[in-house]
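The block underneath contains the structure these notes are about, expressed in structure tokens.
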Amino acid sequence: MTHTPPPPEFPPPMQPEPSAPTRNRTNAIIIGAAAAVIAAVVATGIVVVQSRDDDSKPAATAKSSAPAEDVVTAAAEEPDSEPTYDEVDADSFAIALRTTERQCFGSAGCNVTVEPKVTYLGISEDINPNAVYEITYEINGDESGPVIETAELSDQTSLRYTPSLISTASSDTEVSVEITDVLER
């Protein structure tokens, strides 16, 4: 006789259902991540507010109880600050005159055409490249009195001006120049 195996049990044994702690662990991870994001937003807000209040003081960072990999550093969140440029005034420049034409008439004096040679006394990259500076200067030596002209400096190095024609009382007259005002537009 052959031996027959016993019939299977019905219903088959049930597998145990997944335990509830798995769901609680997922909720804990979601809550922890949300807390880390909130802490990062608060820290960023503090840095932004302090950097707007006083640029000379270093910004403080807030500590978070969230894991280190979830914290955003303050340096990465700070927006690029706008560059600062030197304040310019009449003392920021030196000026000289270049004589381009001279026609003398004996004792009657001379007609002289001069152009300004303006030099910025600092580093040209330290002045605003987007600004136009109106440099007003006074030429002395004309027989009818001082001549006031204005040159425009733009793109840090481009000088635009109109040559000045002056009449001197004699060929010995010294022509001089000085900057009287600088206006930034």
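Here the working numbering is used: the first residue of the sequence shown is 723, the next is one more, and so on.
Just so you know, even glycine gets a beta-carbon here, dropped at the ideal spot from N, CA and C.
Just so it is clear, the structure is predicted and the values come from calculations on it, not from any experiment.
For leucine 887, the enclosing beta strand (DSSP E) begins and ends at 886-890. Between threonine 872 and cysteine 832, the CB-CB gap reaches or exceeds 8 Å.
Here the alpha carbons of serine 803 and glutamate 900 stand approximately 36 Å from one another. Sorting Ala758, Gly863, Ser846 and Glu906 by C-alpha distance to the C-alpha of serine 892 places Gly863 at the top.
In this chain, glutamine 878 is not harboured by any beta strand (DSSP E), its DSSP state being neither H nor E.
Distance check between phenylalanine 827 and each of Leu905, Asp894, Ser898 and Ala758 places Asp894 closest, using alpha-carbon atoms only. Boundaries of the beta strand (DSSP E) harbouring alanine 818: 815-826, taken from the DSSP string. Looking at the backbone, the Cα of threonine 766 and that of leucine 881 are separated by about 44 Å. Annotated three-state conformation of valine 899 is strand, per DSSP. The beta carbon of valine 854 sits closer than 8 Å to the beta carbons of Glu874, Leu875, Ser876, Glu906 and Arg907 from its chain, once the five residues preceding and following it are set aside; these are given in chain order. Leaving aside the five residues that flank valine 904 on each side, the residues in its chain whose CB is nearer than 8 Å to its CB run, in chain order, Val810, Asp811, Ala812, Ser814, Phe815, Tyr855, Glu856, Ile857 and Thr858.
Annotated as proximal: valine 840 and isoleucine 817, with beta-carbon spacing under 8 Å. For serine 886, the number of other beta carbons within 10 angstroms of its own is at least 16, and it is reported as buried. By the criterion of a C-beta distance shorter than 6 Å, threonine 835 is surrounded in its chain by Thr822, Glu823, Pro885 and Leu887, once the five residues flanking it on both sides are discounted. With respect to asparagine 850, tyrosine 807 sits close: the two C-beta atoms are nearer than 8 Å.
A Cβ-Cβ distance of about 5 Å is found for the pair glutamine 878 and serine 846, placing them in contact under the 8 Å criterion.
Exposed is the label assigned to proline 727, since fewer than 16 other Cβ atoms lie within 10 Å of its Cβ. With contacts defined by Cβ atoms closer than 8 Å, valine 769 and leucine 819 do not form a contacting pair.
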